Structure formats: structure tokens, C-alpha cells
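Position 114 of the sequence shown, counted from 1, bears residue number 354 in full-length UniProt numbering, the numbering being contiguous throughout.
We treat Cβ as the ideally placed atom computed from N, Cα and C, and that holds for glycine.
It should be emphasised that the depicted structure is a prediction, and the values quoted were computed from it without experimental measurement.
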Amino acid sequence: ERKAALAASSGPGATSDGHKVPLLANVGGPADVPAAVEAGAEGVGLFRTEFLFLDDSTKAPSEEKQVEAYRAVLEAFPEGRVVVRVLDAGADKPLDFLTPADEPNPALGVRGLRSLLDHPDVLRTQLTALAKAAEGLPVQLEVMAPMVADRADAKAFADACRAAGLRAKFGAMVEIPSAALRARSILQEVEFLSLGTNDLAQYTFAADRQVGAVSRLQDPWQPALLDLVALSAEAARAEGKSCGVCGEAAADPLLACVLTGLGVTSLSMGAASIPYVRSALATYTLAQCERAAAAARATDSAEAARKAAEAVLSGA
Ligand code: PEP
Ligand code: MG
């Protein structure tokens, strides 16, 4: 029965009353594209470009090599959106030529956008390669920066995108609580937000995502995390801009409904999760998702939040 429901699930993501929530895929490179297309992804919500840089940790790949890889992904979604994240090096993804070797706490050090602002040549090459890769393609290219902490970060990234002549929407990932708390100020510089709930949980709860002993605090159902998602989504709505989720949270069908109820405008996940999320969303109205979200936020633990959402939606 479950299988039949999933097979019947196709088309754009939407609640049962037709509120659209585009379902996008997280990809690591061209190799992940066929599964995303097969799952009916409406585009790519997170293209992690790190894979290109992992072959050789001593230097950045050439502009030509980057153009080729980006084009292979952009070509696969002629009608869709592709959100490319610029290089997110450091912490759990160190690169010799970028990441300082002697940091006492790399997750709180020079990583993500911080590395790129310290190495503007690497950012410039990546943005130029993206501009060339998108040339002549109808795809809607969007480019975002990881680890944006404040408005100055967002402005520095948008300035770099403009300087590279990139014709794309520029966005900021919300992975640091400061960015969620001041989302409206960040949105003065960029056109969209994308919540990276994996890092947002790590930094909200001071719980390293690589340390199993604190995994309880990495649970995206934590009400404090839901509050930060709501703040970001409300800020985006007030500014008339979009706010997606591209962390693991989006892949949990029940949580995807809650995120929708919190005002998130798109969900991006590993391709394998898309049919499950599509079918869950299609079961409930937007108002039911909103009631589930409010019930989850009214609790004091991840477990209670999930139960509260389940209770609302099972009685729906
Ligand atoms: C996140 O932090 O939620 C995210 C999507 O980025 P990554 O998992 O690549 O750090
Ligand atoms: Mg992240």
C-alpha cells in the first residue's frame, strides 16, 4: 500500500490544498543528478561543490575543470532552479591550501565563507566558472554562501558575485544562530535564505555534529531549532523573499510538514527522500501543517515536539 502511494506520488511538491513547496535535491556533483531527476526533483536546492576540491587538497581545481562539472549539473534541470553553494571548506571538510592547520576549534574558526573571503582568488575563480557554466542555459541559477554570520558577510559575498559578473540570485545560508536572529538585516544584501539545519543545530546547541555523545542535541526537532527556523522564515516573508531548508531536517516527512507550517518555502534533500516527503505533504493542508508547527513549538523537547506534531496530523 505504501509502495502504491509512493508510486502515485509525482509532480511538484504541494500540500493537499495546493500550497506549493518545491522539492529539490541535494547533490554532490554530476554523479548524483540521475537519481535526482528520477525522483522528480524540481531542481537542486543544494549543490555541495566541495567534491571538486577533494581530489587535490593542495590547490583549487582549474576554472575549466569547474566549468565542466557545474555545466553537467546545470544542464540536467533546463526548466528548474539550481542552487549552488560556493566552497564550504574547513571544520569537518578541511583543505590544506585553505584551512589553517593550528586552530584549536576548527568548527568555530576559519571555515565556509570565512575561508573564501581570506582567499578571494578562490572565490573569484569559482564564481567566474559558474557564470561561464550557466551561459546560454535557461536554468535559474542561484548561488549561496555557507556560514554567513552577519550582514557584512552577506554583503561581501554579494559584492564578489556582482564583481564576477554573475547573473544569478545571491543567497545566504542560515547555519549560525546570529544569522537567524538578524535574518532581516542579512536580507538587505541577498535575495534568499537557505537553512542549513545540520550546522544550525550544531551551533545552537554547542554540540559538535561529529561527536556521537552529544547527538541528542543534534535532533532537528528541538524546539529551539524550530524557533530559529520560524524567525528566518518570518523575516523572509516580511521581505518578500524565499527561505528554503537544505539540511537533513527536510528529509523527515513529518518534519517537512512542520517546516512548511513554519513558513519555509522549499525543501531540499537527498533524492531518495523526495517521494516520501512529497506524499506526506500531499496528505495535509497548509493550515494543518501550521497547527502541527505551533504544537511542536509549544513543547520543551525534540521528542515531545514530534509527538505533538504527530498528534495534530493524525487527528487531521
Ligand atoms: C547544513 O549544515 O545543514 C548543510 C546543509 O550543509 P552541510 O551539511 O554540507 O554542512
Ligand atoms: Mg553546513
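C-alpha gap between arginine 311 and alanine 478, whole angstroms: A direct Cα-Cα distance of roughly 34 angstroms separates arginine 311 from alanine 478.
Do you know offhand how far lysine 260's Cα is from tyrosine 524's? Near 12 angstroms, if we compare the C-alpha coordinates of tyrosine 524 and lysine 260.
From the DSSP secondary-structure annotation, give me the bridge partner or partners of serine 434. DSSP, once it has assigned bridges, lists Met413 and Gly484 as partnering serine 434.
Residue interval of the alpha helix (DSSP H) (run including phenylalanine 397): In the DSSP assignment, phenylalanine 397 falls within the unbroken alpha helix (DSSP H) covering 391-403.
Quick check on glutamate 429: does DSSP put it in helix, strand or coil? DSSP places glutamate 429 in coil when its eight states are reduced to three.
For glutamine 458 and lysine 299, the rounded distance between their alpha carbons: Distance between the alpha carbons of lysine 299 and glutamine 458 is about 33 angstroms.
Note the first and the last residue of the continuous alpha helix (DSSP H) segment covering arginine 311. 303-314 is the span of the alpha helix (DSSP H), which, as asked, contains arginine 311.
Could you spell out where the alpha helix (DSSP H) holding valine 323 opens and where it closes? Premise fails: valine 323 lies in the beta strand (DSSP E), 321-325, not in any alpha helix (DSSP H).
Sequence-distant residues of its chain with Cβ nearer than 6 angstroms to glycine 487 (five each side left out): Answer for glycine 487: Gly436, Thr437 and Asn438, listed in chain order.
If you draw a straight line from the C-alpha of threonine 527 to the C-alpha of glycine 268, how long is it? Correcting the residue identity first, residue 527 is alanine in this sequence and not threonine. One alpha carbon belongs to alanine 527, the other to glycine 268, and they sit about 34 angstroms apart.
Rounding to the nearest angstrom, what Cα-Cα distance links phenylalanine 287 and leucine 553 in this structure? Their Cα atoms are separated by approximately 32 angstroms.
In DSSP terms, what leucine 294 is bridged to: None; leucine 294 has no bridge partner.
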